[in-house]
Amino acid sequence: MVWYVTIVSYFWMLLKDWLFTIFIIPFKNTDMLWLLVPVWVSWFFAEFFQEKIETSMGNALTNSVIVLWGSIDMARQTVSLIGRGVLRGLGTISLRFSLIWLIFAYGATIVALGIRGNPLIKHIARIREVTYVFVMFVPIFYNAIPFSWNHLIGAAIFFPAYYWIIEFFDRLTPNPKPLTEDMEENRLGQGALR
512 MVWYVTIVSY FWMLLKDWLF TIFIIPFKNT DMLWLLVPVW VSWFFAEFFQ EKIETSMGNA
572 LTNSVIVLWG SIDMARQTVS LIGRGVLRGL GTISLRFSLI WLIFAYGATI VALGIRGNPL
632 IKHIARIREV TYVFVMFVPI FYNAIPFSWN HLIGAAIFFP AYYWIIEFFD RLTPNPKPLT
692 EDMEENRLGQ GALR
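Add 511 to the 1-based position in the sequence shown for my numbering, that's all there is to it.
Structural data, given as structure tokens:
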């Protein structure tokens, strides 16, 4: 029975950290809003006006710009923190730059696959995934929360919840007029090509 309580309390701690990261931290450290607000606005419009039905390759490629720009801003912020003496220690600095490199590589991979026309980008570069990466990692790079393995575990565990909650709202809400018109144009365009 003790192991059950331990698991539930650990899960609860991860959930609180996850919710705190998404809903509270950005408003406690408003500097990060300069990066997060454009990401949130891009997410909203892309999610409900472009990607509600599916993600096009062009849209996925456009999403890579957010990843690349965000990783550059994270590097800028990290260098600033090092310069001010806030970040010290080779291990911490190396870990941060390793994460920045992984995020940048994710964006560069999207670009490379997109240029080649690889349909995989429709699945790995939806605005939903891109936004999630930034919502979870920007607070670390702005030194609003410390990096921890629990944070990474929570981000991984609760990603499906984030994904399916948004999917639920996508299915629940009616298609907006611009999306409906685009779908009609594509349908008519497909008929004209035959």
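Cβ atoms here follow ideal geometry from the backbone N, Cα and C, with glycine treated the same way. Since this is a predicted model, take the numbers as computed values, not measurements.
P687 (DSSP reduced to helix, strand or coil)
Three-state result, P687: coil.
For the alpha helix (DSSP H) containing Q561, list its first residue and its last residue.
In the DSSP annotation of this structure, Q561 is not part of any alpha helix (DSSP H), being labelled neither H nor E.
Which word fits M647, buried or exposed, when buried means at least 16 other C-beta atoms lie within 10 angstroms of its C-beta?
Here M647 is buried: its Cβ has 16 or more other Cβ atoms, across all protein chains shown, within 10 Å.
If you reduce the DSSP assignment to three classes, tell me which class F658 lands in.
In the displayed model, F658 falls within coil according to three-state DSSP, outside both helix and strand.
On the criterion of 16 or more Cβ atoms from any shown chain inside 10 Å, does V578 qualify as buried, or is it exposed?
The residue is buried, with at least 16 neighbouring Cβ atoms inside 10 Å.
What separation, rounded to the nearest whole angstrom, lies between the Cα atoms of T532 and P650?
When rounded, the separation of the alpha-carbon atoms in T532 and P650 is 7 Å.
Just to confirm, is the Cβ distance from P687 to F608 under 8 Å?
Not a contact, by the Cβ cut-off of 8 Å.
Check G628 in the structure and name its three-state DSSP category.
Shown here, G628 sits in coil according to DSSP, grouped into three states, outside any helix or strand.
According to the Cβ coordinates, are N574 and A636 closer than 8 Å?
Taking a C-beta distance under 8 Å as the contact criterion, N574 and A636 qualify as a contact pair.
Which class does N540 belong to by DSSP, given the choice of helix, strand or coil?
N540: coil per DSSP, three-state reduction.
Which residue comes first and which comes last in the alpha helix (DSSP H) that contains Y643?
From DSSP, the alpha helix (DSSP H) with Y643 extends over 638 to 652.
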